[in-house]
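Okay, so here's the structure we're looking at.
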Amino acid sequence: MSELLQVADVVAREKGIERDEVLAAMEQAIQKAARSKYGLEHDIRAHIDRRSGDIDLKRFREVVEEVEDETVQVTLDYARRKDPAIEVGGFLTDQLPPIDFGRI
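The letter at position 52 of the sequence shown is residue 72 when you use the working numbering, and the numbering goes up by one with no holes.
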């Protein structure tokens with residue numbers, strides 16, 4: 021079991037709350053730290069694997085016909101270079117590198 025999951029288990033037990041609530045709060049903290057690093061305007065989402073403790077950090081950008089905000093939108097032409105099956109209204113995801121936990 022990863023150290024992150026062990027911490028979540030201890031906090032959940034000590035506070036008398038569900039482990040998933042603790043992990044959801046951890047995900048929110050990681051997202052906040054990532055937005056501070058990459059830019060507050062980005063749609064960044066974190067997910068902690070409930071079995072391995074691995075952290076998945078991704079940036080989401082909406083596929084649109086005409087881009088109004090480059091930080092959260094991409095054109096269909098650009099998106100199709102990465103995912104040929106994607107359509108307008110879908111989301112292109114970019115894997116982000118892990119952040120330094122010493123700064124959280």
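Every residue gets a Cβ at the ideal spot worked out from N, C-alpha and C, and that includes glycine.
Give me, in chain order, the residues of the same chain whose beta-carbon lies closer than 8 Å to that of residue i; leave out the 5 immediate sequence neighbours on both sides.
i	result
Glu-125	Residue coverage of the chain in this structure runs from 21 to 124, which leaves residue 125 outside it and unanswerable.
Which first and last residues belong to the beta strand (DSSP E) in which residue i is found?
i	result
Glu-134	Residue 134 lies beyond the range of the chain shown here (21 to 124); nothing can be said about it.
Ala-105	Looking at the DSSP string, Ala-105 is not in any beta strand (DSSP E), and its letter there is neither H nor E.
Arg-65	63-68
Whole-angstrom Cβ separation of residue i and residue j, contact assumed at under 8 Å?
i	j	result
Gly-73	Leu-24	4 Å
Ile-64	Ala-49	So it is not a contact: roughly 12 Å between Cβ atoms.
Leu-77	Pro-118	7 Å
Val-92	His-62	7 Å
Quick check on DSSP: helix, strand or coil for residue i?
i	result
Leu-116	coil
Ala-28	helix
For residue i, collect the residues of the same chain with a Cβ closer than 6 Å to its Cβ; drop the 5 residues on either side in sequence, then sort them by chain order.
i	result
Glu-41	none
Asp-114	Arg-79
By the DSSP assignment, the alpha helix (DSSP H) with residue i in it spans what residues?
i	result
Arg-81	Unbroken run through Arg-81 is the beta strand (DSSP E), 75-84; no alpha helix (DSSP H).
Asp-97	96-102
For residue i, which residues of its own chain have a beta-carbon under 7 Å away from its beta-carbon, when the five flanking residues on both sides are left out?
i	result
Asp-29	Arg-39
Ile-68	Leu-24, Leu-43, Met-46, Glu-47 and Ile-75
Smallest Cα separation from residue i: which of the options?
i	options	result
Phe-111	Val-83, Arg-33 and His-67	Val-83
Arg-81	Lys-102, His-67 and Ile-68	Lys-102
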